[in-house]
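Contents: one structure, followed by commentary.
In my numbering, the protein residues as written are 537 to 713.
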């Protein structure tokens, strides 16, 4: 009988030791710094919502008390300032650039408002460096169609076509194949 009690006592101790060891592994696997108790309040993190910077008028409700009623949720109507060049029309208008993407030949249709206006047509790279000047001449008023061949030294990619007439300039994107 003594042998039976010794075996069961050893088995019971071994079982308790194994249970403590197996159940305690989860708590032993945690790092010491994984749980922090702090009595100070947490500071708010900066918002990750992007800020939109645009020229948008804020909402301002107006109140109409002429008849004794009030209108909420209506936008206030403020007159927009008139453009300063009311009488002056645009000197340069690029009507069409074709074909785009360009392989060997580029066609530009542009409209000039004044007669004998100096017009410069340049191709620029993405950094704004001038790659080639296609034209530098005085053009008569009206709609003009110009055809240019693309130089073979231009690598395929995205370029900008800058057309300057007098003091006005317009920039359009072209793709060269």
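Idealized CB from N, CA, C, for every residue including glycine.
Helix, strand or coil, according to DSSP, for residue i in the structure here?
i: residue 709; result: strand
i: residue 653; result: strand
i: residue 660; result: strand
i: residue 627; result: coil
i: residue 686; result: coil
i: residue 677; result: coil
How many angstroms separate the CA atom of residue i from the CA atom of residue j?
i: residue 650; j: residue 657; result: 17 Å
i: residue 554; j: residue 547; result: 10 Å
i: residue 626; j: residue 674; result: 17 Å
i: residue 679; j: residue 646; result: 6 Å
i: residue 637; j: residue 652; result: 31 Å
i: residue 700; j: residue 689; result: 23 Å
i: residue 639; j: residue 677; result: 29 Å
i: residue 665; j: residue 691; result: 14 Å
i: residue 634; j: residue 710; result: 9 Å
i: residue 544; j: residue 550; result: 10 Å
i: residue 663; j: residue 698; result: 13 Å
i: residue 669; j: residue 659; result: 6 Å
I'd like to check one pair, residue j with residue i: are the Cβ atoms closer than 9 Å?
i: residue 696; j: residue 642; result: no
i: residue 661; j: residue 702; result: no
i: residue 686; j: residue 712; result: yes
i: residue 648; j: residue 682; result: no
Problem - Given 8 Å, three or more beta-carbon pairs between the region 697–712 and the region 629–637 - result: Yes, they touch.
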